[in-house]
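Taken in sequence, the protein lines are chains Z and E. Using my numbering, the first residue of the first sequence is number 1, and each one after it goes up by one. Using my numbering, the first residue of the second sequence is number 1001, and each one after it goes up by one. Only one structure is covered here, and it is reproduced in the block below.
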Amino acid sequence: MTANAKEMTMRKHTRFLGAVVLLLCWAATGLAGDDESFTEGSASVGAHYGDFNDMPDRVGEYVNLDGLSDLTADFVLDLVGGNTDTLYRVYLAYTDAATNGFEFGLDNPGLVSVDFGYSSFVHNLDDDLLTNLQAREGVPQPDGTFNPGGKQIYHTDNDPLRRYWVEYERFHGEVKVDLPFLENGVVRLGYDDQHKQGYKQRMTIDHCAFCHVEGNTVRVDQRTKKWLASVEGTVGAVSANYDFARTDFADLGGENLHRWKNANHPVNGTAGAEFASRLLFEDVTLPYADGADNEKLTHNAGLKIDLKRAGSLKGSYTHATRENLKTQVKSKFDAYAIGYAKRLNKDMRLTARFLAYETKVDDYFVNLPNFRADVPGANNLDFDWNRISSANRKVYQGDLNLGWRVGKGRHLKVSWRRQTIDRDAMTQSQTTYQFTGLADNEIAAYMPSEAYANETVINRLKLRYDARLGLKGKYNLAYAYTSVDKPFMNPTAMCEESLAGTPSAHVDTGPIGRLYYYQRARYGNGTNQPNQAHKVTARGSYQLSPRTSVSGYLTWAKDKNDEMNLYEFQRDMLTPGVNVWTAPSDRLLFTLGWAYNKVESNANLCPPFFDG
Amino acid sequence: MFFVNANLTATDKLDFFVEGVIAMSQGSFTPFNLPEPEGIPADVHISPDHAGASKGAYDFSGIGDYSDLDYNQLEGTLGANYKLDKRAKLYASVNLLDLQDDQPYVYGDLTGSIITYAAGMTVGF
């Protein structure tokens, strides 16, 4: 049987099943059970038909476009029932072969509860045509015109007519068993399975940098399985819990191969030896876009002690390990948290929390062939390096919150947070290459520069005021100020400057001979993270009449970073909105809304151009 | 972004409903150009070749236009319900998804629309 024939047969079965369910439901109307049991819900059976014009992928980002133009049966069944001991819920929804799902729940308090569910849908993806990557240098002529030069950027879309999409499927289930011999005693077992299948576009780059960009089609087949187990209970004033989770991620998409071409000068064409010596590989087919196979184990233990009038104390510890089974790179995560809450008097409540965690990924030794090893005078440089993961960090965070009931229906909340983030990769990211001398061929040594900062310190103060407007409305106002010392940035990331007595960074007539890209000294810092941030929010709602109510909100934020060496970063955001609900008569009901969002920011740009 | 949701109970058996969302999105870069580096004579364009000769000039003045994004999206549903009895009703609806791309660029012209007609029967119990 062909795939189409199978789909047609399935649709016929679906229509038949839907019609049967609907007739049974109608026939069963009024046939409720005994006095202690009940069943409520609805069942819909129908059909839909559609059509599209032009490009449907973006406007129908989550619409299954395959078979849209066929008449397709759909149905929804949603029912809740039970008796004095047990509740259950059944939900079935079928829109088409790729968009459907179900949920099933059963709850018998004090004994067991069960939840299962499945859902699937399609996500249509864009195809980057790459046409913006097309530029070529113009060489100025005496008459004011320009001839084509050697520096250029171009693109190739290897699959221009391809549609890209991913189908998501998720199944989840949990069984909870109550332990009658233990106060609040519960054991949980769970399973979660997510599967993504389809095709998407991946880019490859040829030559030294981004000068030839190609769009390729790769198959997506990724699966994430998660198993969960937990136990919790209370003995006297002490409550404890332990959770375990195992998560496996596998990329089953198969090997993607790409042909990297001969490295030739884009204009001169034949300067292969000069060109290829600067590359790690050329004229070869290699795998790319190879996803990870990860295994993650997580343990979490928590404790809560009720200190009666002295408040309550909570603490937890989490330990997680992750291994990429393809590369054997491992990481571990440890987190400690402690919290204390106390009511100071009948109007004031104080909470304090402290959190510390560390992420540590194995260092990875990047073993590279020596740079231009076969080229005389090129100094046969060794660029092997030990990669320290940028995910590595130690974070310490403290929070103090004071809630104060300042009057009837009026509350004030003051919160302060201090967070420090220590990243040991920051020093490495600032490594630059510096000259050891000025003589020809006395090439650079690469030396770590002075560390810009390893540690970011964030202080945030928040104030929030909540109040009622009589019996018909309420509003709140909030303000937050954040100050960041040494926000995350990419130091010395961009823009070059002239070196060692040369008139520019691009000539070989100076005392140091020809310059290569790695020898050029970058000096510009770049980030989109602020060192100062203000945020104001206001929300309110009011019932104008029994038939009309209005609500509104406004968020205004202003971020800036004035500690960079090239430019001052700014980001302004304004987000107002209004919603109105009105029922002019018993037969007419309106809900109206308006939302607006404006974000304006700046960045510094130093565009690299390939100097063939 | 504007949205509206309205229900009209025309008779005891017949009611109409309409839902609509209009979203207008715009974005762009402020026009800019690449300044000449300091120390380069005015008649020498940036990025001279290895011999020190002028090799080219770059014009970024078009980026302000190239970067423009301008989408107008409409999502609307018009439908009706007809009660057969206290628990059963027939329904019919038309759903329109429409996107107008007024500044096509990286992903091409994304203008497109999808219309879907649906009808069926609902039973409550």
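Note that the Cβ used here is the ideal one computed from N, Cα and C, for glycine as well.
Hey, is Trp385/Z's beta-carbon within less than 8 Å of any beta-carbon in chain E?
Sequence index remark: in the first sequence, residue 385/Z carries index 385 (1-based). Closer than 8 Å: no.
Residues of chain Z with CB closer than 9 Å to the CB of Leu1008/E, please, in chain order.
Residue mapping note: residue 1008/E aligns to position 8 of the second sequence, counting from 1. Those are Arg587, Leu588 and Leu589, listed as they occur along chain Z.
Only counting the same chain, and skipping five residues up and downstream in sequence, which positions put a Cβ closer than 6 Å to that of Thr321/Z?
The sequence position of residue 321/Z within the first sequence is 321, counting from 1. Cβ neighbours of Thr321/Z beyond the five flanking positions: Leu297 and Lys332.
Just to confirm my understanding: we take Asp107/Z, look at its own chain, exclude 5 residues before and 5 after, and list those with CB closer than 6 Å. What are they?
Residue numbering aside, residue 107/Z sits at position 107 when the first sequence is read from its first letter. For Asp107/Z, where only same-chain residues beyond five positions count, the Cβ hits under 6 Å are Leu87 and Ser113.
Please report the residue range of the alpha helix (DSSP H) in which Arg219/Z lies.
Residue 219/Z sits at position 219 when you count from the first residue of the first sequence. Careful: Arg219/Z lies outside any alpha helix (DSSP H), inside the beta strand (DSSP E) at His212 to Val235.
So is Gln1103/E in contact with chain Z if we call contact Cβ pairs under 8 Å?
Stepping through the second sequence from its first residue, residue 1103/E is reached at position 103. Gln1103/E does not count as touching chain Z.
List, in chain order, every chain C residue whose beta-carbon is nearer than 7 Å to that of Val122/Z.
No chain C appears in the structure shown, which is made up of the protein chains Z and E.
Closest to Ala341/Z by C-alpha separation, out of Gly110/Z, Leu307/Z and Gly233/Z, would be which residue?
The count along the first sequence starts at 1 and reaches residue 341/Z at position 341. The candidate whose alpha carbon is nearest that of Ala341/Z is Leu307/Z.
Would you please verify whether the beta carbon of Asn1005/E is less than 8 Å from any beta carbon of chain Z?
In the second sequence, the residue the question calls residue 1005/E occupies position 5. Yes, because at least one Cβ of chain Z sits closer than 8 Å to the Cβ of Asn1005/E.
Which bits of chain E does Val613/Z rub up against, with CB to CB less than 9 Å?
Examination of residue 613/Z is not possible in this model, given that chain Z is present from 1 through 612 alone.
Count the other CB atoms, across all protein chains shown, that sit within 10 Å of the CB of Ile1114/E; report buried if there are 16 or more and exposed otherwise.
For the purposes of this step, residue 1114/E is identified with residue 114 of the second sequence, where counting begins at 1. Ile1114/E comes out buried.
Nonlocal neighbours in the same chain, by C-beta distance under 6 Å from Asn1081/E, ignoring five residues either side
Numbered from 1 along the second sequence, position 81 holds the residue referred to as residue 1081/E. So the list reads Asp1015, Lys1089 and Tyr1091, once near-sequence residues are dropped.
Can you grab the Cα-Cα spacing for the pair His411/Z / Ile338/Z, in whole Å?
The residue given as residue 411/Z occupies position 411 in the first sequence. The residue given as residue 338/Z occupies position 338 in the first sequence. Going from the Cα of His411/Z to the Cα of Ile338/Z covers about 26 Å.
Which of the three DSSP states is assigned to Ile1114/E in this structure?
Taking the first residue of the second sequence as 1, we reach residue 1114/E at position 114. Ile1114/E: strand per DSSP, three-state reduction.
Would you say Trp594/Z lies against chain E (beta-carbon separation less than 8 Å)?
To locate residue 594/Z, count along the first sequence from 1; it is residue 594. Yes, Trp594/Z counts as interfacial toward chain E.
Strictly below 7 Å CB to CB, what residues from chain Z border Leu1110/E?
The residue given as residue 1110/E occupies position 110 in the second sequence. The answer, in chain order, is Met55 and Arg58.
The beta strand (DSSP E) that contains Tyr242/Z, what's its start and end?
On the first sequence, residue 242/Z is found 242 positions in, with the first residue counted as 1. Looking at the DSSP string, the run of the beta strand (DSSP E) that includes Tyr242/Z is Val238 to Asp251.
Starting from Leu129/Z, find everything on chain E with Cβ-Cβ shorter than 8 Å and list it in chain order.
For the purposes of this step, residue 129/Z is taken as residue 129 along the first sequence, with counting starting at 1. Within chain E, the residues near Leu129/Z are Val1106, Tyr1107 and Gly1108.
CB Arg387/Z to CB Asp422/Z, shorter than 8 Å?
In the first sequence, residue 387/Z corresponds to position 387, counting from 1. In the first sequence, residue 422/Z corresponds to position 422, counting from 1. Against a cut-off of 8 Å, the Cβ pair of Asp422/Z and Arg387/Z comes out as no contact.
Min CB distance Ala1119/E to chain Z below 8 Å
On the second sequence, residue 1119/E is found 119 positions in, with the first residue counted as 1. Ala1119/E counts as touching chain Z.
Member of Leu1084/E, Asp1012/E, Leu1078/E and Arg1087/E whose CA lies at the smallest distance from the CA of Ser1093/E
Locating residue 1093/E in the second sequence gives position 93, where the first residue counts as 1. Taking only the C-alpha atoms, the option nearest Ser1093/E is Leu1078/E.
For Asn4/Z, does the three-state DSSP call read helix, strand or coil?
Counting from one through the first sequence, the residue named residue 4/Z turns up at place 4. A caution first: Asn4/Z carries a pLDDT of 47, below 50, which makes its placement in the model too unreliable to give a value.
Contact list for Tyr1066/E against chain Z, beta-carbon separation under 8 Å
To locate residue 1066/E, count along the second sequence from 1; it is residue 66. Within chain Z, the residues near Tyr1066/E are Asn132.
Alpha carbon to alpha carbon, how far is Gly407/Z from Asp649/Z? Give it in angstroms, no decimals.
Here chain Z covers residues 1 to 612 and nothing more, so residue 649/Z does not appear.
From this set, Ser42/Z, Leu65/Z, Gln152/Z and Val63/Z, which residue's C-alpha is nearest Val1123/E's C-alpha?
Taking the first residue of the second sequence as 1, we reach residue 1123/E at position 123. Looking at the Cα atoms, Ser42/Z is the closest of the given residues.
Mind the definition here: the region 157-169 of chain Z touches the region 180-191 of chain Z only if three or more C-beta pairs lie below 8 Å; say whether that holds.
no
Using the Cα positions of Arg418/Z and Gly1112/E, report the straight-line distance between them to the nearest angstrom.
For this step, residue 418/Z is matched to residue 418 along the first sequence. For this step, residue 1112/E is matched to residue 112 along the second sequence. C-alpha separation (whole angstroms): 49 Å.
For the beta strand (DSSP E) containing Val599/Z, name the first residue and the last one.
As a first step, residue 599/Z is located in the first sequence; it is residue number 599 there, counting from the start. Lys598 to Ser601 is the extent of the beta strand (DSSP E) around Val599/Z.
Chain E residues whose Cβ lies nearer than 9 Å to that of Gly311/Z:
In the first sequence, residue 311/Z corresponds to position 311, counting from 1. The contacting residues do not exist; Gly311/Z stays about 45 Å from chain E at best.
Ile1063/E, DSSP secondary structure in three states:
On the second sequence, residue 1063/E is found 63 positions in, with the first residue counted as 1. If DSSP states are grouped into helix, strand and coil, Ile1063/E belongs with the helices.
Give the residues of chain E in contact with Asp51/Z, contact being defined as C-beta atoms less than 7 Å apart.
As a first step, residue 51/Z must be located in the first sequence, where it is residue number 51. Within chain E, the residues near Asp51/Z are Ile1115.
List, in chain order, every chain E residue whose beta-carbon is nearer than 8 Å to that of Ala47/Z.
For this step, residue 47/Z is matched to residue 47 along the first sequence. What Ala47/Z touches in chain E: Ala1118, Ala1119 and Gly1120.
Going by DSSP, which residues form a beta bridge with Pro140/Z?
Here residue 140/Z is taken as the residue at index 140 of the first sequence, counted from 1. Answer is Phe146/Z, bridged to Pro140/Z.
Limits of the alpha helix (DSSP H) - the one that Arg58/Z falls within:
By 1-based counting over the first sequence, the position of residue 58/Z is 58. Counting along the chain, the alpha helix (DSSP H) containing Arg58/Z begins and ends at Pro56 to Val59.
Return the bridge partner residues of Lys346/Z from the DSSP annotation.
Working through the first sequence from its first residue, we reach residue 346/Z at position 346. Paired residues: none, contrary to the question.
Can you tell me the Cα-Cα spacing of Thr224/Z and Pro546/Z, whole angstroms?
Working through the first sequence from its first residue, we reach residue 224/Z at position 224. Working through the first sequence from its first residue, we reach residue 546/Z at position 546. If you take the alpha carbons of Thr224/Z and Pro546/Z, they lie about 50 Å apart.
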